[in-house]
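Novice: Pasting a structure here, questions to come.
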Amino acid sequence: ITLLGQNVNSYAKGKDYDFADLLAELDKIEGEYVLRFMTSHPKDASYKLIDVMASSKHIAHQFHLPLQSGSDSILKAMNRHYDKARYLDIVRYIREKMPDIVITDIRIDTPDVKTFRVVTPDGKKAFDHKPGQCAMLSIPGVGEAMFSITSSPTNTEFMEFSIKKCGCVTDWLHQAEVGQQITIRGPYGNAFPVDTEFVGKDLLFIAGGVGLAPLHSVINYVLDNREKYGKVDIVYGSRSKDDLLDLPEIQ
Numbered sequence: 069i070t071l072l073g074q075n076v077n078s079y080a081k082g083k084d085y086d087f088a089d090l091l092a093e094l095d096k097i098e099g100e101y102v103l104r105f106m107t108s109h110p111k112d113a114s115y116k117l118i119d120v121m122a123s124s125k126h127i128a129h130q131f132h133l134p135l136q137s138g139s140d141s142i143l144k145a146m147n148r149h150y151d152k153a154r155y156l157d158i159v160r161y162i163r164e165k166m167p168d169i170v171i172t173d174i175r176i177d178t179p180d181v182k183t184f185r186v187v188t189p190d191g192k193k194a195f196d197h198k199p200g201q202c203a204m205l206s207i208p209g210v211g212e213a214m215f216s217i218t219s220s221p222t223n224t225e226f227m228e229f230s231i232k233k234c235g236c237v238t239d240w241l242h243q244a245e246v247g248q249q250i251t252i253r254g255p256y257g258n259a260f261p262v263d264t265e266f267v268g269k270d271l272l273f274i275a276g277g278v279g280l281a282p283l284h285s286v287i288n289y290v291l292d293n294r295e296k297y298g299k300v301d302i303v304y305g306s307r308s309k310d311d312l313l314d315l316p317e318i319q
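Numbering (the working numbering), first residue to last: 69 to 319.
As structure tokens, this is what we get:
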């Protein structure tokens with residue numbers, strides 16, 4: 069869904085209810101959809117708008133912000149009502165609230181599954197998560213999709229996603245190279261009760277093929293905190309030996 073308008077973010081400017089409020093209300097609508105908007109005017113690109121985007125479930129992390137000139141004198145002559153410092157500050161805040169991630173490693177697990185290791189541009193983990201949660205990966209101009217975070221929360225250096233090639237977003241990712249940037253938001257979803265109901269219990273994990281991905285972070289978390297749990301068994305299979313994911317690690 070695209071909200072289209074000239075200076076679309078100037079909607080209801082000067083009133084108690086503005087464009088950021090409109091987006092927040094639309095984001096509450098249940099369902100599977102992605103919400104975008106264009107074109108934004110830098111003079112009305114507010115922190116409030118960016119905060120709404122960053123915390124939303126459905127708004128794409130894609131901000132169309134035209135750069136009309138890098139010269140303050142020209143911007144003034146064009147009657148644009150903003151200067152270079154204002155523009156750069158908005159860009160800084162967008163990057164702070166909706167950080168890009170950089171692909172630092174790509175591992176080929178099976179003929180159609182790859183694991184992507186990602187960090188922020190400054191080399192840090194994008195955000196904290198709990199075992200079993202997901203994140204939305206977005207490729208501007210291509211699309212976005214939800215993927216399970218396969219790395220354990222105990223890993224504080226990076227995040228990993230094991231992704232099967234099965235659509236336009238995953239096709240793009242499978243052609244990506246180390247160093248390419250994409251956007252991320254999350255975490256989403258309910259986590260496994262690893263620190264409550266699972267503690268002291270015997271655990272049995274059952275998965276097949278790429279279905280191991282949603283359980284991977286849970287299994288690694290349990291192994292990293294082995295003293296908290298009873299017996300741990302993993303039943304895992306696939307249609308062929310070549311389709312087994314991370315078999316050496318599980319063994």
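Where is the CB? At the ideal position from N, CA and C, for every residue including glycine.
To the nearest angstrom, how far is it from the Cα of E295 to the Cα of G268?
Specialist: C-alpha separation (whole angstroms): 9 Å.
Novice: Compute the Euclidean distance between the alpha carbons of F87 and I118, then round it to the nearest angstrom.
Specialist: Each residue's Cα considered, the two are about 11 Å apart.
Novice: Among I274, L291, G298, K125, which one has its Cα closest to the Cα of E265?
Specialist: Answer by Cα proximity: G298.
Novice: For C202, write down the residues that DSSP places opposite it in a beta bridge.
Specialist: Bridge partners of C202: S216, Y256.
Novice: Taking Cβ to Cβ, would you say A194 is nearer than 9 Å to P221?
Specialist: Contact flag unset, no.
Novice: Is the distance from the Cβ of I176 to the Cβ of V186 below 9 Å?
Specialist: No, they are not a contact pair.
Novice: In the DSSP output, what is R104 paired with across the bridge?
Specialist: Paired residue(s): T70.
Novice: Grab the span of the beta strand (DSSP E) containing D301 for me, first residue to last.
Specialist: Note, D301: beta strand (DSSP E), 300-305.
Novice: Whole alpha helix (DSSP H) runs in the stretch 266-302 with 4 or more residues, listed along the chain?
Specialist: List check, alpha helix (DSSP H) in window: 281-292.
Novice: Which residues does DSSP list as the beta-bridge partners of R163?
Specialist: Answer is none; R163 lacks a bridge partner.
Novice: Decide if R253 is buried, meaning its Cβ has at least 16 other Cβ atoms within 10 Å, or exposed.
Specialist: Its Cβ being crowded by 16 or more others within 10 Å, R253 is buried.
Novice: Is Q243 helix, strand or coil by DSSP?
Specialist: It is helical.
Novice: Just the C-alpha distance for P110 and S123, rounded to the nearest angstrom, thanks.
Specialist: For P110 and S123, the distance between alpha carbons rounds to 21 Å.
Novice: I need the boundaries of the alpha helix (DSSP H) containing G142, first residue and last residue.
Specialist: Correcting the residue identity first, residue 142 is Ile in this sequence and not Gly. Counting along the chain, the alpha helix (DSSP H) containing I142 begins and ends at 140-145.
Novice: Is the stretch 239-253 touching the stretch 198-207 in the sense that three or more CB pairs, one from each, lie closer than 8 Å?
Specialist: Flag = yes, the stretch 198-207 and the stretch 239-253 touch.
Novice: What residue does the beta strand (DSSP E) around F229 start on, and which one ends it?
Specialist: That run of the beta strand (DSSP E) goes 227-232.
Novice: Taking C-beta to C-beta, are W240 and V210 nearer than 9 Å?
Specialist: Contact: yes.
Novice: The beta strand (DSSP E) with I174 in it runs from where to where?
Specialist: Run containing I174: 168-178, per the beta strand (DSSP E) assignment.
Novice: Indicate the three-state DSSP secondary structure (helix, strand or coil) for V76 in the structure shown.
Specialist: Note: V76 maps to helix in three-state DSSP.
Novice: Hey, quick one: how far does the beta strand (DSSP E) through K182 stretch, first residue to last?
Specialist: Note, K182: beta strand (DSSP E), 181-187.
Novice: With respect to the alpha helix (DSSP H) encompassing K116, which residues constitute its N-terminal and C-terminal limits?
Specialist: Run containing K116: 115-123, per the alpha helix (DSSP H) assignment.
Novice: Rounded to a whole number of angstroms, what is the C-alpha to C-alpha distance between S78 and Y155?
Specialist: C-alpha separation (whole angstroms): 16 Å.
Novice: May I have the straight-line CA-CA distance separating D112 from I162, to the nearest angstrom?
Specialist: Spanning the two alpha carbons is a distance of roughly 14 Å.
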